[in-house]
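First up is the structure itself, then whatever we jot down about it.
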Amino acid sequence: MMERMRAFCLLLLSVPLLTAAQPQRFRVLFGGKDAKVADWSGSLTVEGGEGRVVAMHHFSPEESFDAKSWKAGNQWDGNINLLPQEQALFPKTRWKGVLVEVEGPETARVKLATAQGAAEFRTGAVPYLQPAALLDGRIRVERMPYSDRMAGPETQDDYPAIAAGPDGRLWCAWSAHRDGHETLLVRWQDGDGAWSQAEALSDGPGDYYHLALISTAPRAVLAVWSATVDGNLDLYSRRFAEGAWGKIERLTREPGPDTFPRLAAGPDGEVHLVWQSSGATKTDISWMRLRGSSWSAPQKVTEHPASDWEPSVAVNSRGEAAIAWDSYRHGNYDIFLRRVTAGKLGPVERITSSPDFEAHANLAYDKRDRLWIAFDNGGPNWGKDTYGINGILRGESGTYAKRQVQVRVLERGRLVEPTRPLDENLPGKPVLGSRMTLGLESSYETFSEMPQLAVDGRGRVWALVRMRTIGRFNPPQRESRSILPYWTYQAVMFDGHGWTAPVAIPYSDGRQEQRAGFAVGPSGDLVFAAQTDGWSLPRTDPDYAQYDLYAGRIRLDEVGAGPVDEEMLVGASDLPAPVEVSDAEPAPDPPLWKTYRMRVNGRDYHVTWGDLHRHTDLSFDGQSDGSLYDTYRYAIDAAEMDFLGPSEHLLPQDDLSDYVWRMVDKTVDVYKLPNVFYPLLNYERTVAYPDGHRNIVSRSRGYQPIRIQVADTPSGATETDQLELWKKLLGGKDIPDGFSIPHTTATQMGTDWRYNDERVERLVEIYQGNRDSYEYYGAPKAAVADQILVGGYITSGAIREKGYVWNALAKGYKMGFIASSDHRTTHMSYAAVYTPERAYSSIWDSLYARRTYAATDNIIVDFQSAGHAMGEEFTSAEPPSLEIGVIGTGEIAQIDVIKDNAIVYTAHPGVQELSFSYTDRSAEPGEHYYYVRVQQQDGNMAWASPIWIRYRP
Amino acid sequence: MHASLRLTVALLACAAVGLASSGPIAPAVQENKLGRGASEPKFNWSKAVEQSFFFLTFQHAFRLTQEKTVDQLGGPFFKDYWRSAKNLGGWEDGDSMFTNYVAHPMQGAVSGYIQIQNDPRGAALVFGASDKQYWKSRLRATAFAALYSTQFELGLYSEASIGNVGMRPGTMGYVDLVMTPMGGLGWMVGEDALDRFVVEPMERKWQNRPLTRFLRIAFSPTRSFANVLRFEKPWKRDGRQ
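For the protein sequence lines, the chains are A and B, in the order given. Residue numbers for the first sequence follow the numbering used here, beginning at 140 and rising by one. Residue numbers for the second sequence follow the numbering used here, beginning at -7 and rising by one.
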């Protein structure tokens, strides 16, 4: 008790100091509502204080600022490349601006002198949520929270966590990347506003992932994190108390990943830990608690055979914990809840039941112990059949056609939804400036996602949400896609009736999946730790592509609104009460396409399904693809794949930093579900025709993408780049460390097949779900001009006829076939692989062995010859005889046997299953290749890899 | 046996021998679950007969719009049919040059394409002057056209039975029985060659879907008609979209 009193006194003393010590921060925006582009260059002076410009907002490389002035206009930068019909939709000007810090009292006056006129404001007159409009609304001033940079440029800082102790001490921990590995670091800040030096939380460099922090006693903190040790991802914890760090304690030991830890504490100091654990089939949710210094044994919150993802936990004033997560148990993501009372788990309750994607749940109890549940709504049919740009235009879902944070409130069995949507005051619907992006309806929507809830000292509920916005520009030399989105954090507050306009969190711009830390301090202030990836900065900026972490707070006394009304949910819509559901459901029998085995020469091979070319938001053109995490979810749940290789662009200009590749590399361990799902490590070397784009599939973790040798050539690379690539992949060995897969080969992304190395180029993406088939000109689903331009939007680019796959086969190149998705499209393109075991190495070896086929649906194709599987080559004294079996997902309209670039056999079976043998009685001596192509009545197709037969009668 | 009947039997026998090279009828559905050793689905007789029947019916329906056919519908069916069939003789049949040397070859090509589109070893082959597989396929199609033509002229569901063509001397000659399959072969080869050397290059050049469809129909009318008989789009090609 005495300790708490001391902490309280210290807190009271420290608040004025903090207020005085930290600058006030304002974002000054100009020109966004102007009808014409104008020069908004200017300068600032501060009367009664000191002021300086510390950052810019949306400046181009040609625009600049220093501490007292800036040179900028309100124009869009880069090639916007609008179609004529889009001109009217697109605003001529945009908000640009500067971030200003002011040291001084609330009476300090900031004077702005711009080329368009002068304006001024008093700092105290611009509280949070009440932006000021100056110069007839042409200048907008918003208060932003102050935040401190946690680490310098020598590290890439990620996975932040923040906690506030009862003594007011802030704790901030994160993963700091340097020299190829991470170290967990922690800093704290006492009342004087000075942060401590960073200390190592982990015991050395390693593979660290998500972090959680909680402080339940003065000068004490508990950290829980996930780390890969000896190949297994487990949870570890460490406590700081009485001035010293305790030992690192391993909390989980089961095989499979344990990650996404979340912590919450009750009024008695009992700490609840929930996390995503590995299950018998897919992922489960687990829970344990810390009482005193002892952890309880882990307990499963759910063991349902379906995937259960990313839990959240909150504790009410009576010490009851609520645990929420999202589950795929009903064929789409729904939110589920389970409560813990007196240490016992209650029944599983279903909170949402719509066919929409409802995921990424977050919880908070308000002062009246009502449970607030926030989550993402991603619309219906998430991850189901979507055909590229055309599909998006038809309103199909893909994985990122919609995101809207939704909120439910649960009070004594009554479930309500605040009438006003959370995003109603978020910045309006962005219009994105590129042909590619303008073609998507989603470009016109406001995207809000990944909510984190907190209840401030006055009982007001806040939500920190990730929001897609525009502003990242690309170099003018890139012809299209010049204005791309990035994501920022915004904090919105429920004021009793609806959600306020947002408070923008500074330095939170980055990719979609960057998660912030968010908590409430003892004074009721909101504290946050957010990071920027530096991508929105000009390439010339020293912090470009630098992951930096900033911790700060939103002070209650700077928030304009008062305490909320007691009846804050008046007008809320009642929803059906949560339904208790059984968790004890047996795993359903898997369909035949998940269990089929091809028997070749006495050995069984499992058919496995995957995708080796799929982008995420990490790619420069991944604005419609969703995050890396959601991409894995799509593969595991919606598409029920066995493997996935997210394949980000490696551009000649090196867009992605080493750290991003490292992050992608590490994430493999988070989604590796033994015997169920294996992430593969890919990247896409983006070299234009005639060299061509190639996906590189790495043999194991720890990959280092092989950079492109840039040259002023049509392809953008040197003449020897491709050969050097293969040489490096081989590294002097017979089997390379990675093999290459060209794609969209008959387009400007393709190749004229000038080079080949059979040791490295083992497969070709004959069909791409986002675009077309590249088998041969006129082949089913092949690209032709009127498919390239659909609704005015380029789907494939110009055709390069030399790039059709038949041309490569005619040259004697030996490549197996796969299909993959690239962008947007979902559930419509598969790389099917026959593998002796379900394991990373076995899948990689089977891909390398070309024991593959391409398919647009889960069609089973069993193709072999004389004891040799598809993809093999062999010599035979007998006329080539092929064994062909197909189990379709619909009626098989046509099946073709292709020999040496000619269709030598075409049947129209009109059935769903068939098997037969085909003997080439007219074969001439010599080497021939044969493959099988299947076309279903519903348009789905499959292409088995060729078998090369040297016929020597 | 009447000489003309002997010739008819010989023609039918030749056609049957020609088609026999495409192998026995194989069931379309294999009951096994991808078991090994099932023989390949070969020429689909049931579909070919069905499509031929549609074609025959179409042709007879057209004939029924002609006054000369309607005038001969009366009388005893079998007696008149026999009288008509046994009058086969000579080359000419009194029809115009267009009918005998254009329309009948087209008929032969349509019936030949019925064979081709139901023959797995020929359906997607493209013209190749030195491609043995191509010529084998088209000769099988010619044999089928001969069979079809004989049925059309002399079978139970024929010109002889419906409208009693031949009952009037000089209206039943060998020209149709020869020109239909042989002219059909030439027509098919011509369409195949045009498809390869004219249509496909133009498709590549213009890459326009409506134009592609038009070109395929315009340059391959008999193949287009055969497609319709199997309830496919006229511009369908088994080897390309």
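Yeah, the Cβ is synthetic: ideal placement off N, Cα and C, and Gly gets one too. Just so you know, these numbers come straight off a predicted model, no measurement behind them.
Distance from the CA atom of A:I835 to the CA atom of A:V659, rounded to whole angstroms, is 45 Å.
In the DSSP assignment, A:V1043 falls within the unbroken beta strand (DSSP E) covering 1041 to 1046. Contact note: B:P33 reaches chain A through A1046, P1048, L1053, F1055, using a C-beta cutoff of 8 Å and chain order. Against chain A, a Cβ distance below 9 Å from B:K124 picks out S1061. Under DSSP, A:D423 takes part in a beta bridge, and its partners are A:S416. A Cβ-Cβ distance of about 7 Å is found for the pair A:P450 and A:A463, placing them in contact under the 8 Å criterion. Residue range 1050 to 1058 is occupied by the beta strand (DSSP E) that includes A:L1053, with no alpha helix (DSSP H) assigned at that position. Nearest C-alpha to A:S968 among A:Y979, A:R989, A:S912: A:S912. For A:P400, the enclosing beta strand (DSSP E) begins and ends at 398 to 404. By a beta-carbon distance limit of 8 Å, A:F399 contacts A:H349. Their separation comes to about 5 Å.
For the stretch 898 to 918 of chain A, the beta-carbon criterion of a distance under 7 Å to any beta-carbon of chain B is satisfied by Y916, G917, A918. Around the beta-carbon of A:M780, 16 or more other beta-carbon atoms lie within 10 Å, marking it buried. Listed along the chain, the chain B residues whose CB falls inside 8 Å of the CB of A:Q1033 are D230.
Of the candidates B:S103, B:Y149, B:V62, B:S103 places its Cα closest to the Cα of B:W179. Every alpha helix (DSSP H) stretch that sits fully inside the stretch 763 to 796 of chain A and reaches 4 residues is listed by chain position as 767 to 772. Judged by DSSP in its simplified three-state form, A:I998 adopts coil rather than helix or strand. Take A:I1042, set aside five residues on each side of it, and the residues of its chain with a beta-carbon closer than 6 Å to its own are D1035, in chain order. The Cβ atoms of A:P1018 and A:T1058 sit closer than 7 Å to each other. Scanning its chain for C-beta atoms nearer than 7 Å, with the 5 sequence neighbours on each side dropped, one finds around A:V167 the residues G236, V237, V239, L251, I278, V280, in chain order. Note on A:T184: under 16 other CB atoms within 10 angstroms of its CB, so exposed under the neighbour-count rule.
DSSP places A:W179 in the coil class of the three-state scheme, outside both helix and strand. For B:P112, the residues of chain A that pass the 7 Å Cβ criterion are Y1044, T1045, A1046, in the order they occur in the chain.
Interface with chain B (7 Å Cβ-Cβ cutoff): A:V923 is included.
Within the DSSP secondary-structure output, A:F657 pairs in a beta bridge with A:F667.
Interface annotation for the stretch 201 to 232 of chain B against chain A: R201, D230, G231, R232, criterion Cβ-Cβ distance under 7 Å. For A:K953, the closest of A:A643, A:K920, A:Y1069 by C-alpha to C-alpha distance is A:Y1069.
Under a 10 Å Cβ-count criterion, A:F165 is classified as buried, with 16 or more other Cβ atoms of the shown protein chains found around its own Cβ. With a 10 Å radius around the Cβ and a threshold of 16 neighbouring Cβ atoms, A:S433 comes out exposed.
Here A:Q591 has N501, L603, F657 as same chain residues with Cβ atoms under 6 Å from its own Cβ, once five neighbours each way along the sequence are excluded.
DSSP lists A:Y822, A:S879 as the beta-bridge partner residues of A:I835. If you ignore the 5 residues before and after A:H752, its C-beta comes within less than 8 Å of the C-beta of G784, S786, N821, E823, N834, I880, H882, E904, Q907, S959, S960, D961, all in its own chain and listed in chain order. Taking 7 Å as the CB threshold, B:R196 lines the interface with chain A. Around the beta carbon of A:T1014, fewer than 16 other beta carbons lie within 10 angstroms, which makes this residue exposed.
Annotated three-state conformation of B:G100 is helix, per DSSP. A:P299 is positioned such that its CB atom lies no closer than 7 Å to that of A:A630.
With a threshold of 16 other beta carbon atoms within 10 Å, B:M89 falls short and is exposed.
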